[in-house]
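Down below is the structure, laid out as C-alpha cells.
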Amino acid sequence: MHFAPVTVLAVLSAATSALGATLALDPRAQLLQQSVDHFLAAPRFAVVGASGDDAKFGTIVFKTMLEMGLDAVPVNPYAPSSAGHPCVPSLEDLPNPEQTSVSIVTQPAVTLAILHQAIALGVPAVWLQPGAEDAAVLEFIASARAKGSHTMFIHSSANYTSDDRRRDDGDNGDDVTPTCRRGARSFETPDLISTLLR
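Oh and the sequence shown: position 75 is 78 in my numbering, straight run, nothing missing.
Listed below in C-alpha cells is the structure:
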C-alpha cells in the first residue's frame, strides 16, 4: 500500500506536531523535536538492518517507511532483499547518501562501522533504534560531536537531558543537537515507528 505524497506530508507533519505538542514545554523535548524534524526532512531514507525476515525490527521499520510513501532503501550486505526491494550492501552504495537519513537496526559492533560510514559520506541524520548501541557507540557519538560532525544523531533507547547539546556555528548556522545520556533529569526518546505512526 502506498500513500499519495500529500498524505505522506500530512502524516509526517502530524507525527512531528504530536511529538511537539506532547513535550512542548520541556527544553529537552524541543531539542529532540529539532532532531526528529531534521531526520524526517531528508528526501531519502535508508534502513540498515532490514532483511527478508518480516519479524525483525529492521524490516518492520523499512516496511513502515514504505507504507508511509517514503523513498526508503534497505541496507544489508547479507540479505538480497527486504519487502521485495533489493538491499544495497552498504551506505556507500546509496545514490545520494548526503541526502539520506539513516535508521540503524543492527548490533552495536556493526553500528560503529555504519556510523563511521555515515559521517564520512555526509549523511545528515542517523536514528539508532533500540539495541543498536552500547558504551562504545555512545563514546563514538560523543567524540564525533566534539570533533564537529554535522551528522545529527537520535538515540531511541536512551534519554535526552537538558544540558546534552552542542552549538555549531559553522556554515549551516546554529545547530542544536541533543546528545543521548541516561540520567535523572531525562525522558525516553520514542523509536522511529512510534514517531511515524503518531
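All C-beta atoms, glycine included, are put in the ideal place defined by N, C-alpha and C.
Distance, Cα to Cα, residue i vs residue j?
{"i": "residue 151", "j": "residue 84", "result": "35 angstroms"}
{"i": "residue 74", "j": "residue 29", "result": "32 angstroms"}
{"i": "residue 178", "j": "residue 134", "result": "At residue 178, the pLDDT of 33 sits below 50, so the modelled position is not reliable; the number obtained from the coordinates is stated separately. Straight-line Cα distance between these residues: approximately 27 angstroms."}
{"i": "residue 38", "j": "residue 110", "result": "23 angstroms"}
{"i": "residue 54", "j": "residue 149", "result": "33 angstroms"}
{"i": "residue 125", "j": "residue 49", "result": "14 angstroms"}
{"i": "residue 86", "j": "residue 70", "result": "11 angstroms"}
{"i": "residue 197", "j": "residue 112", "result": "25 angstroms"}
{"i": "residue 3", "j": "residue 146", "result": "Absent from the model: residue 3. The displayed extent of the chain is 4 to 201, so no value can be given."}
{"i": "residue 31", "j": "residue 72", "result": "30 angstroms"}
{"i": "residue 153", "j": "residue 43", "result": "16 angstroms"}
{"i": "residue 168", "j": "residue 35", "result": "Confidence at residue 168 is low in this model, with a pLDDT of 38, below 50, so the placement of that residue is unreliable and no value is reported for it."}
{"i": "residue 91", "j": "residue 33", "result": "34 angstroms"}
{"i": "residue 202", "j": "residue 102", "result": "No statement about residue 202 is possible, as the shown extent of the chain runs from 4 to 201 and does not include it."}
{"i": "residue 140", "j": "residue 108", "result": "13 angstroms"}
{"i": "residue 138", "j": "residue 195", "result": "21 angstroms"}
{"i": "residue 106", "j": "residue 47", "result": "11 angstroms"}
{"i": "residue 143", "j": "residue 157", "result": "13 angstroms"}
DSSP state of residue i, grouped into three classes?
{"i": "residue 158", "result": "strand"}
{"i": "residue 39", "result": "helix"}
{"i": "residue 129", "result": "strand"}
{"i": "residue 3", "result": "Past the boundaries of the shown model lies residue 3; the chain is included only from 4 to 201, so the question cannot be answered."}
Closest to residue i by CA distance: which of the options is it?
{"i": "residue 45", "options": "90, 35, 104 and 36", "result": "104"}
{"i": "residue 80", "options": "36, 87 and 94", "result": "94"}
{"i": "residue 203", "options": "89, 129, 72 and 112", "result": "Lying outside 4 to 201, the shown extent of the chain, residue 203 is not represented and no answer is given."}
{"i": "residue 82", "options": "198, 107, 52 and 96", "result": "52"}
{"i": "residue 96", "options": "88, 137 and 78", "result": "78"}
{"i": "residue 121", "options": "155, 56 and 59", "result": "155"}
{"i": "residue 132", "options": "91, 147, 153 and 60", "result": "60"}
{"i": "residue 76", "options": "158, 58 and 98", "result": "98"}
message = Three or more C-beta pairs under 8 angstroms: does that hold for the stretch 116-125 against the stretch 64-74?
response = no
ask   = Going along the chain, which unbroken runs of the beta strand (DSSP E) with 3 or more residues stay wholly within the stretch 66-118?
value = 75-78 and 103-107
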